[in-house]
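Structure record follows, encoded as structure tokens.
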Ligand SMILES: Nc1ncnc2c1ncn2[C@@H]1O[C@H](COP(=O)(O)OP(=O)(O)OP(=O)(O)O)[C@@H](O)[C@H]1O
Ligand SMILES: [Mg+2]
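The following block contains the structure:
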């Protein structure tokens, strides 16, 4: 549904987007994750035909963005970083206006405006001037205008920015509900957001794609090794060597959880389950096993790892699927 090939965007000497390629399948929700200045907005502006790339090609909904930009744009809804509202119009007037310029036939317009107002929960603000809307409502009206012509593709630049926690949950539900019928690319710096709403995530840093995968696989793959959290009620200084002697264990270190005593992180090769051996070793010595659980790397840690360090070869090779 969306195919981006080797897109580069330079602003003078600043390379905002550097040789980015990716695909989004029909009905998929793709999360674009990256720190400030990573190039998310720039990529989205290019995808919506708002500005051309310096190099590269893109195809949106079956149309080449550079040869058939009008056809591609007709099939795309865009929520920019700042929703493009007209302050002097009421919400209904504004949405009706957008429907008109997006070519919604006049007999369908009223129903369409009502339907998107319902869906984005702005119906209680119908007659409010756009200039008098709160930030959260402005964002929702922005989403409403992106949906107004029922586009196949939705490009949403930080759709939950500025919303309160309840609105964030509602907006995530709304976006999840739009997936399947629509192909969606959204950007965010909020990690739980990609895990909760997206099927696939692209991590972008300094204009480059550093990882592409499902949130789960990304977490698992970047972990490299299995780590167990082990807490004992005895053993003291003997505990670490005893744990390290277990076959399959590659490393034992103190757990850095501040309030726990006698706690260790026990690493083993990926795919090796050493829980039974740990339990046996502890019990044989007459120590008490207070806790034994796998430690999962959070998406936060994954994100920090891929945006601050050299990343593993296997991850890089996914750059151009
Ligand atoms: N119009 C412009 N002129 C010059 N440089 C720009 C322009 N727009 C963006 N940049 C630069 O391009 C880079 C990428 O910016 P972009 O807005 O795409 O990042 P972003 O990932 O959307 O960041 P944020 O999370 O802060 O929204 C940044 O270094 C930015 O300073
Ligand atoms: Mg941005």
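Residue numbers (my numbering): 22 to 342. Don't be surprised by glycine CBs; every beta carbon is placed ideally from N, CA and C. Please read all numbers here as calculations on a predicted model, not as lab measurements.
Using alpha carbons as the reference points, say which of the options lies closest to residue i.
{"i": "residue 283", "options": "295, 304, 312", "result": "312"}
{"i": "residue 58", "options": "166, 25, 170, 102", "result": "102"}
{"i": "residue 310", "options": "274, 288, 141, 264", "result": "264"}
{"i": "residue 201", "options": "78, 276, 47, 31", "result": "47"}
{"i": "residue 226", "options": "238, 214, 208, 240", "result": "208"}
{"i": "residue 214", "options": "124, 110, 195", "result": "195"}
{"i": "residue 301", "options": "266, 109, 118, 76", "result": "266"}
{"i": "residue 94", "options": "261, 260, 170", "result": "170"}
Determine the contact status of residue i and residue j, defining contact as a CB-CB distance below 9 Å.
{"i": "residue 96", "j": "residue 87", "result": "no"}
{"i": "residue 249", "j": "residue 296", "result": "yes"}
{"i": "residue 230", "j": "residue 43", "result": "yes"}
{"i": "residue 38", "j": "residue 70", "result": "no"}
{"i": "residue 253", "j": "residue 176", "result": "no"}
{"i": "residue 90", "j": "residue 28", "result": "no"}
{"i": "residue 206", "j": "residue 323", "result": "no"}
{"i": "residue 147", "j": "residue 113", "result": "yes"}
{"i": "residue 221", "j": "residue 51", "result": "yes"}
{"i": "residue 130", "j": "residue 120", "result": "yes"}
{"i": "residue 268", "j": "residue 286", "result": "no"}
{"i": "residue 210", "j": "residue 191", "result": "no"}
Using 8 Å for Cβ pairs, my map puts residue i next to residue j. What's the rounded Cβ distance?
{"i": "residue 293", "j": "residue 247", "result": "7 Å"}
{"i": "residue 188", "j": "residue 116", "result": "In fact, because the Cβ distance is near 19 Å, the residues do not count as touching under 8 Å."}
{"i": "residue 216", "j": "residue 236", "result": "4 Å"}
{"i": "residue 159", "j": "residue 104", "result": "5 Å"}
{"i": "residue 53", "j": "residue 36", "result": "With a Cβ gap of about 17 Å, residue 53 and residue 36 do not count as contacting."}
{"i": "residue 193", "j": "residue 181", "result": "7 Å"}
{"i": "residue 106", "j": "residue 151", "result": "4 Å"}
{"i": "residue 261", "j": "residue 251", "result": "Rounded, the Cβ-Cβ distance is 10 Å, inconsistent with contact."}
Between the C-alpha atoms of residue i and residue j, what's the straight-line distance to the nearest angstrom?
{"i": "residue 66", "j": "residue 55", "result": "16 Å"}
{"i": "residue 156", "j": "residue 184", "result": "7 Å"}
{"i": "residue 271", "j": "residue 258", "result": "18 Å"}
{"i": "residue 136", "j": "residue 168", "result": "10 Å"}
{"i": "residue 219", "j": "residue 22", "result": "16 Å"}
{"i": "residue 49", "j": "residue 80", "result": "16 Å"}
{"i": "residue 224", "j": "residue 40", "result": "14 Å"}
{"i": "residue 32", "j": "residue 25", "result": "19 Å"}
{"i": "residue 308", "j": "residue 315", "result": "20 Å"}
{"i": "residue 124", "j": "residue 232", "result": "38 Å"}
{"i": "residue 277", "j": "residue 255", "result": "18 Å"}
{"i": "residue 288", "j": "residue 138", "result": "52 Å"}
{"i": "residue 333", "j": "residue 326", "result": "For residue 333, the predicted model reports a pLDDT of 47, less than 50, meaning its position is unreliable; a value from the coordinates is still stated below. If you take the alpha carbons of residue 333 and residue 326, they lie about 10 Å apart."}
{"i": "residue 132", "j": "residue 110", "result": "19 Å"}
{"i": "residue 203", "j": "residue 162", "result": "18 Å"}
{"i": "residue 126", "j": "residue 228", "result": "40 Å"}
{"i": "residue 122", "j": "residue 72", "result": "19 Å"}
{"i": "residue 234", "j": "residue 164", "result": "26 Å"}
{"i": "residue 30", "j": "residue 76", "result": "7 Å"}
{"i": "residue 172", "j": "residue 154", "result": "25 Å"}
{"i": "residue 108", "j": "residue 92", "result": "29 Å"}
{"i": "residue 128", "j": "residue 238", "result": "47 Å"}
{"i": "residue 82", "j": "residue 118", "result": "24 Å"}
{"i": "residue 98", "j": "residue 62", "result": "15 Å"}
Would you check whether ligand 4 has a heavy atom nearer than 8 Å to the C-beta of residue i?
{"i": "residue 231", "result": "The model on display carries ligand 1 and ligand 2 but not ligand 4."}
Hey, does residue i have any beta-carbon neighbour from chain C nearer than 9 Å?
{"i": "residue 258", "result": "The structure shown has no chain C; it contains just one protein chain."}
task = Let me have the residue list for ligand 2: C-beta closer than 7 Å to any non-hydrogen atom, ordered along the chain.
result = 61, 62, 102, 178, 179, 208
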